[in-house]
Structures are given as C-alpha cells and as structure tokens.
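Student:
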Amino acid sequence: MDAKDIAQDFEHVLFTADQVQDRITELGAQIDADYEGKELLLIGVLNGAIMVMADLSRALRSHCTMDWMAISSYGSGTKSSGVVRILKDLSTDISGKHVLIVEDIVDTGLTLSYLVQNLQSREPASLEIMTMFRKPEAITTDVDVKYVGFDIPNEFVVGYGLDYAGRYRNLRDVGTLAEHVYR
Ligand code: 5GP
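Right, dumping it as structure tokens:
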C-alpha cells in the first residue's frame, strides 16, 4: 500500500517509496565495493528488517547469503530498555564469516548494542551494521553503524517494514501517523 491509500491515518510522509529505493541502490553499490572479493552474510533482524533485507540483497551485484534473528526487546511504550530476548536464533554458524547486520531502525541503540555483543562472541571474520533509519539518540551510543539509509527526526515512524500495532509494515512510503490512530 501507499500513503495515499491510508490518507486518513497519515500525518506526513518522510520518504517516498522512490526515495527509499534510490537510497537502497546507493547503499548496495557501496556495500558491493566494500566487500569486493569477500562473501557476505546478511543477518536480518525480524520482523522490521524484512523489506530492507529483500531490497538490499537484490541491490547487491555480488553473492551473499542470508540468515535471520528474531528478538524481543522489552520497553515502556515506544522505547526499548536494552533487555533483549532471542526468540529465533541464527540457523548458521557465523564464525569466520563477513557479517553485516541489517536493521530497520536504530533509536536508542540498546537493541543493537546487545546484538553486536552477542554476535561478536561467535567470532565472525568481520561484523558491521547497516540500518535503514537512525534517530538522533542513536548517534550518542557506542555502536558504530557503518551504513545508514537516512538520519531522521525523533518521531515514531511506520512503513517499509516498520509497524504500529502490527500494521503498516506493508506501506511503501515511510512517515508518521495521525494522532487519532494512537487513541
Ligand atoms: P532501540 O533499541 O534502538 O531503541 O530500538 C530499536 C527497535 O525499536 C527497532 O528495531 C524497532 O523495532 C523499534 N523502533 C524504534 N523506533 C521506532 C519507530 O520510529 N517506529 C517503529 N515502528 N519502531 C521503532
């Protein structure tokens, strides 16, 4: 669906589907260049990263493999606490592999910080992070995100894999919801 299909629920569009796709193409080219001659393992964080993973992996012009982790992060309301539980672990052994974590959004960075620690202990050859969106607070955390789609304001956004109450993941555009949706 597009923002116009749910115009009554929407406040404003931050990025159109075309803007998102253009940025994915740029990031794909950068990642291809950085990993030339190496086989990359993309690790997607379910559920939010499904769209980014699908598009980024297809934007790459070199081989890659993919695996998934599902985690639940406890928090109050829309903020995470950094207390993370693994709901689905990887199916593959990542030791000695070049791993790129594919994230939808980094807010406080607490979830990512946990993930990095967890994956680092499995001794990959290298470990980097790509996120489609990053909020200002994340910049102050000690997690080094190598590839960022867009830095965004400190607002709750939906679309392109990001949900509110399970909905809006299938929205092509990315933006904020009208006040009445939360009531
Ligand atoms: P962090 O641990 O970085 O604070 O939170 C990361 C997770 O919180 C993301 O993977 C995502 O699930 C959720 N999240 C943070 N900000 C937003 C947002 O603006 N919209 C949506 N839908 N989820 C968000």
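The letter at position 66 of the sequence shown is residue 705 when you use our numbering, and the numbering goes up by one with no holes.
Ideal placement from N, C-alpha and C gives every residue a C-beta, glycine not left out.
If you're wondering where the values come from, they're calculated on a predicted model, not measured in any experiment.
Can the beta-carbon of Leu816 be found less than 8 Å from the beta-carbon of Phe649?
Tutor: Taking the first residue of the sequence shown as position 1, residue 816 is located at position 177. Taking the first residue of the sequence shown as position 1, residue 649 is located at position 10. Yes. Within cutoff.
Student: Looking at Val652 and Gly814, is the spacing between their C-beta atoms short of 8 Å?
Tutor: Here residue 814 refers to the residue found at position 175 when the sequence shown is read from its first residue. Here residue 652 refers to the residue found at position 13 when the sequence shown is read from its first residue. Yes, Cβ-Cβ distance for Gly814 and Val652 is below 8 Å.
Student: For Gly667, I'd like the list of residues in its chain whose CB is within less than 7 Å of its CB, leaving aside the five on either flank, ordered along the chain.
Tutor: Sequence index remark: in the sequence shown, residue 667 carries index 28 (1-based). Excluding sequence neighbours, Gly667 sits near Leu695, Ala698 and Leu699.
Student: Helix or strand or just coil, what does DSSP make of His702?
Tutor: The sequence position of residue 702 within the sequence shown is 63, counting from 1. Looking at His702 - three-state DSSP - the assignment turns out to be coil, as it is neither helix nor strand.
Student: Is it the case that the Cβ atoms of Asp790 and Thr655 are separated by a distance below 8 Å?
Tutor: Residue numbering aside, residue 790 sits at position 151 when the sequence shown is read from its first letter. Residue numbering aside, residue 655 sits at position 16 when the sequence shown is read from its first letter. No, the pair does not count as a contact, with Cβ atoms beyond the cut-off.
Student: For the ligand 5GP, I want to know if Thr747 counts as a neighbour, meaning its beta carbon is within less than 7 Å of at least one of the ligand's heavy atoms.
Tutor: What you label residue 747 is simply residue 108 of the sequence shown in a count that begins at 1. Correct: Thr747 has its Cβ closer than 7 Å to the ligand 5GP.
Student: Which partner residues does Ala709 have in the DSSP bridge list?
Tutor: By 1-based counting over the sequence shown, the position of residue 709 is 70. Partner(s): Leu685 and Lys727.
Student: For Ile778, does the three-state DSSP call read helix, strand or coil?
Tutor: Taking the sequence shown and counting its residues from 1, one reaches residue 778 at position 139. Ile778 falls in the helix class under three-state DSSP.
Student: Using only the heavy atoms of the ligand 5GP, determine whether one of them is closer than 7 Å to the beta carbon of Ala709.
Tutor: Within the sequence shown, the letter at position 70 stands for residue 709. Ala709: no, Cβ never under 7 Å from the ligand 5GP.
Student: Would you mind sorting Glu742 into buried or exposed? The rule is 16 or more other CB atoms within 10 Å of its CB.
Tutor: Counted from its first residue, the sequence shown places residue 742 at position 103. So Glu742 counts as buried.
Student: Shortest alpha-carbon distance to Ala642 belongs to which of Val796, Arg773, Ile768 and Met705?
Tutor: Numbered from its first residue, the sequence shown carries residue 642 at position 3. Measuring from the Cα of Ala642, the nearest candidate turns out to be Val796.
Student: Could you check what DSSP says for Arg697 in three-state terms: helix, strand or coil?
Tutor: In the sequence shown, residue 697 corresponds to position 58, counting from 1. Three-state DSSP puts Arg697 in a helix.
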